[in-house]
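J.:
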Amino acid sequence: MPLQQVPAFEDNIVWLLRDAAGGSVIVDPGQAAPVLAALAGAPPPHAILLTHHHKDHIDGVADLLRHWPHVPVIAPHDDRIPIATRRVAEGDSVDAGPWQFTTIEIPGHTRSHVAFHGDDLDGSALLFCGDTLFSLGCGRMFEGTPAQMHVSLERLAALPGETRVCCGHEYTLANAAFATTVDPGNIALRERAREVRQLRQTGQSTLPATLHVERACNPFLRCDDPAVRASAETHAGHALASPAEVFASLRHWKDGFRG
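Residue numbers (the UniProt record's numbering): 1 to 259.
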């Protein structure tokens, strides 16, 4: 069965993987009710994966465990996720039914944020990256530094280009407004922004995106591009010495951006 999105709250996405027997993997269930509805009549899930501790990503777990009390809950090392049954760190493998994932530590949005990278049953690569990388954007830095976040994004951007980016929110339309302000001459970005507008006008999701598209269009992954650097320097009002400084300027700009 294909990768499935379950909408939660206003713009959260709970990701589901389903196998032929109805078994599943649940990623970042901030709400239980829509997940239970999506999995009505299904056998117990193989696992619940959590990328970070924020409530809109974990608050549904307790109710899911009341329904399926023996499902493993796999999360980073963080006491703010008390319901975890297994803690994972950089390089750890996660076996969940027929799927296997590798854990990638990506601090910045939170200090303990992780991503899970692996293949779907059709062989396509998947990246569950929570609130670190969004399509055409990235997460805010609540606990990490710009340097940490930049390194985390660079690590994700180095994964194979066909990898599908399964992030935690449907933010692409708003992110497109900022990205095209930063990089108005980017033809690939203009085409992606047009596609995003059409999808949202018809109520469709813009996700998952591929890393190939993100590397071509997302300014936060293109901090060494001359046009992105020039825009960041103009906004900052001074020269920027490194791609990490370009990233910091972009993230500060985006924090106050009203498109």
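We put the CB at the ideal spot given by N, CA and C, even for glycine.
So what does DSSP say about residue 110, is it helix, strand or coil?
T.: Reading the sequence shown from its first residue, position 110 is the one you call residue 110. If DSSP states are grouped into helix, strand and coil, residue 110 belongs with coil.
J.: Identify the residues that DSSP records as bridge partners of residue 201: which are they?
T.: Residue 201 sits at position 201 when you count from the first residue of the sequence shown. For residue 201, which the question treats as bridged, DSSP gives no partner whatsoever.
J.: Can you give, in chain order, each stretch of the alpha helix (DSSP H) that sits fully within the UniProt domain "Metallo-beta-lactamase" (11-169) and has at least 4 residues?
T.: You should have 33-38, 55-58, 61-67 and 146-157.
J.: Using the three-state DSSP reduction, which class does residue 209 fall into: helix, strand or coil?
T.: In the sequence shown, residue 209 corresponds to position 209, counting from 1. Here residue 209 sits in strand by DSSP.
J.: Alpha helix (DSSP H) containing residue 243: first to last residue?
T.: On the sequence shown, residue 243 is found 243 positions in, with the first residue counted as 1. Residue 243 -> alpha helix (DSSP H) spans 243-255.
J.: On the premise that residue 210 lies in contact with residue 154, defined as a C-beta separation below 8 Å, what is that separation, rounded to the nearest angstrom?
T.: As a position in the sequence shown, residue 154 is number 154, starting the count at 1. As a position in the sequence shown, residue 210 is number 210, starting the count at 1. That pair is no contact at about 17 Å.
J.: Does the distance between the C-beta of residue 154 and the nearest non-hydrogen atom of the ligand FAD fall short of 7 Å?
T.: This structure lacks the ligand FAD, and indeed carries no ligand of any kind.
J.: At a Cβ threshold of 8 Å, is residue 237 touching chain D?
T.: The chain inventory of the structure shown lacks chain D, comprising one protein chain alone.
J.: Could you please give the first and the last residue of the uninterrupted alpha helix (DSSP H) stretch that includes residue 239?
T.: Along the sequence shown, read from residue 1 onward, the residue named residue 239 stands at position 239. Run containing residue 239: none; DSSP gives neither H nor E here.
J.: In this structure, what does DSSP give as the bridge partners for residue 6?
T.: Your numbering for residue 6 matches position 6 in the sequence shown. 14, per the DSSP bridge assignment.
J.: Report all residues from its chain with a CB closer than 6 Å to the CB of residue 243; omit the five preceding and five following residues, and keep chain order.
T.: The sequence position of residue 243 within the sequence shown is 243, counting from 1. 223 and 224.
J.: Rounded to a whole number of angstroms, what is the C-alpha to C-alpha distance between residue 134 and residue 174?
T.: As a position in the sequence shown, residue 134 is number 134, starting the count at 1. As a position in the sequence shown, residue 174 is number 174, starting the count at 1. Going from the Cα of residue 134 to the Cα of residue 174 covers about 11 Å.
J.: Sorted by chain position, which residues of the same chain lie with C-beta nearer than 7 Å to residue 239's C-beta, five sequence neighbours on each side aside?
T.: Walking along the sequence shown from the start, residue 239 turns up at place 239. Excluding positions up to five away in sequence, the list reads 233.
J.: In angstroms, rounded to a whole number, what distance separates the CA positions of residue 263 and residue 221?
T.: As shown, the chain starts at 1 and ends at 259. That puts residue 263 outside it, with no answer to give.
J.: Mapping the DSSP letters down to three states, classify residue 184 as helix, strand or coil.
T.: Stepping through the sequence shown from its first residue, residue 184 is reached at position 184. If DSSP states are grouped into helix, strand and coil, residue 184 belongs with coil.
J.: Looking only at its own chain, which residues have a Cβ that is under 7 Å from the Cβ of residue 188, when we skip the five neighbours before and after it?
T.: By 1-based counting over the sequence shown, the position of residue 188 is 188. Within the same chain, residue 188 has close Cβ partners 216 and 217.
J.: Tell whether a beta-carbon distance below 8 Å holds between residue 219 and residue 179.
T.: For the purposes of this step, residue 219 is taken as residue 219 along the sequence shown, with counting starting at 1. For the purposes of this step, residue 179 is taken as residue 179 along the sequence shown, with counting starting at 1. Yes.
J.: Going by Cα to Cα distance, which pick from 191, 246, 90 and 60 is closest to residue 227?
T.: Reading the sequence shown from its first residue, position 227 is the one you call residue 227. That would be 246, whose Cα lies nearest to the Cα of residue 227.
J.: Identify, in the order they occur along the chain, each residue of the same chain with its Cβ nearer than 6 Å to the Cβ of residue 160, setting aside the five sequence neighbours on each side.
T.: Numbered from its first residue, the sequence shown carries residue 160 at position 160. Here the set comprises 125.
J.: At the level of alpha carbons, what is the spacing between residue 199 and residue 168?
T.: Along the sequence shown, one-based indexing puts residue 199 at 199. Along the sequence shown, one-based indexing puts residue 168 at 168. Rounded to the nearest angstrom, the two C-alpha atoms are 18 Å apart.
J.: In chain order, what residues of the same chain have a beta carbon less than 7 Å from the beta carbon of residue 92, not counting five sequence neighbours either side?
T.: Position 92 of the sequence shown, counted from the first residue, corresponds to residue 92. Result list for residue 92: 103, in chain order.
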